[in-house]
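J.: Numbering (my numbering), first residue to last: 646 to 811.
Beta carbons: idealized from backbone N, C-alpha and C, even for Gly.
Here's a structure for you.
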Amino acid sequence: MDARVSYQASPAWLRASIAVLPVISASLLGQWATYPNIASWYAGLVKPSFNPPNWLFAPVWTTLYILMAYAVWRVLKRHGGAQERRVALASFFLQLALNALWSWLFFGLHSPFAGLLNIVPQLLIILVTIAMFRRIDLLAAWCLVPLAAWVGFAVLLNVEIWRLNG
């Protein structure tokens, strides 16, 4: 397909695949680094009083990933502004890659500091993506606000875990 052809002219299955498959991939990549380390390494860390219980992370992230895929799907089906949409989607996929990488840095390398080096720019890119999505589709932007809030909380949690265990 010619890169100049708009996404909304693509078949619905292709737009859905572009929206869903990268999000599922990021989720699985993150899980592969996270789950083997929860009961061993992570359990032994000193955590702040506001650390959520482990069972809360899966439903929160499932919800956030669903909202992310839906936001991308909405942006893909909008008419007009192909260049603006490409830049916004590039920003989205960059934050998604950082999202998956965080698990490998924090859990895989057992390094809250490496996680911190990732999560701060990740949050900034999420905020940029929200601003870009807002120009294309307001609901798509709002779908990413819970992600920004959760990752903002995760920054504080990451800082405290690093501080308490450094």
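(1) What would DSSP say about Gly725, mapped onto helix, strand or coil?
(2) If you measure between the beta carbons of Ala671 and Leu754, is that distance less than 8 Å?
(3) Taking its Cβ as the centre, do 16 or more other Cβ atoms sit within 10 Å of Val650, making it buried, or is it exposed?
(4) Answer yes or no: does any C-beta atom of chain B fall closer than 8 Å to that of Val800?
(5) Quick check: the segment 759–772 against the segment 693–702, are there 3 or more CB pairs under 8 Å?
(6) Between Leu690, Trp677 and Leu739, which lies nearest to Gly811 when the distance is taken from Cα to Cα?
(7) Classify Asp725 as buried or exposed, calling it buried when 16 or more other Cβ atoms lie within 10 Å of its own Cβ.
(8) Following the continuous alpha helix (DSSP H) through Val691, name the residue where it begins and the one where it ends.
(9) Assuming contact is defined by CB atoms lying nearer than 8 Å, are Arg723 and Arg730 in contact in what I supplied?
(10) Tell me whether Gly760 sits in a helix, a strand or coil according to DSSP, three-state version.
(11) Touching or not, the segment 678–688 and the segment 791–802, by the rule of three or more beta carbon pairs under 8 Å?
(12) Taking the beta carbon of Trp747 as the centre, do at least 16 other beta carbons fall within 10 Å, making it buried, or is it exposed?
(13) State yes or no: is the C-beta of Ile764 within less than 8 Å of the C-beta of Ala799?
(14) Exposed or buried, which one is Met646 when buried takes at least 16 other CB atoms within 10 Å?
(15) What is the residue span of the alpha helix (DSSP H) that Leu674 lies within?
T.: Taking the definition as stated:
(1) coil
(2) no
(3) With a pLDDT of 47 at Val650, under the threshold of 50, the predicted position of this residue should be treated as unreliable, and no value is reported.
(4) Among the protein chains of the structure shown there is no chain B, as only one such chain exists.
(5) no
(6) Leu690
(7) Looking at the sequence shown, residue 725 is not Asp but Gly. The residue is exposed, with fewer than 16 neighbouring Cβ atoms inside 10 Å.
(8) Here Val691 belongs to no alpha helix (DSSP H), and DSSP marks it neither H nor E.
(9) yes
(10) helix
(11) no
(12) buried
(13) yes
(14) With a pLDDT of 42 at Met646, under the threshold of 50, the predicted position of this residue should be treated as unreliable, though the coordinate-derived value follows. Exposed, by the Cβ-count rule.
(15) Ala657 to Ile683
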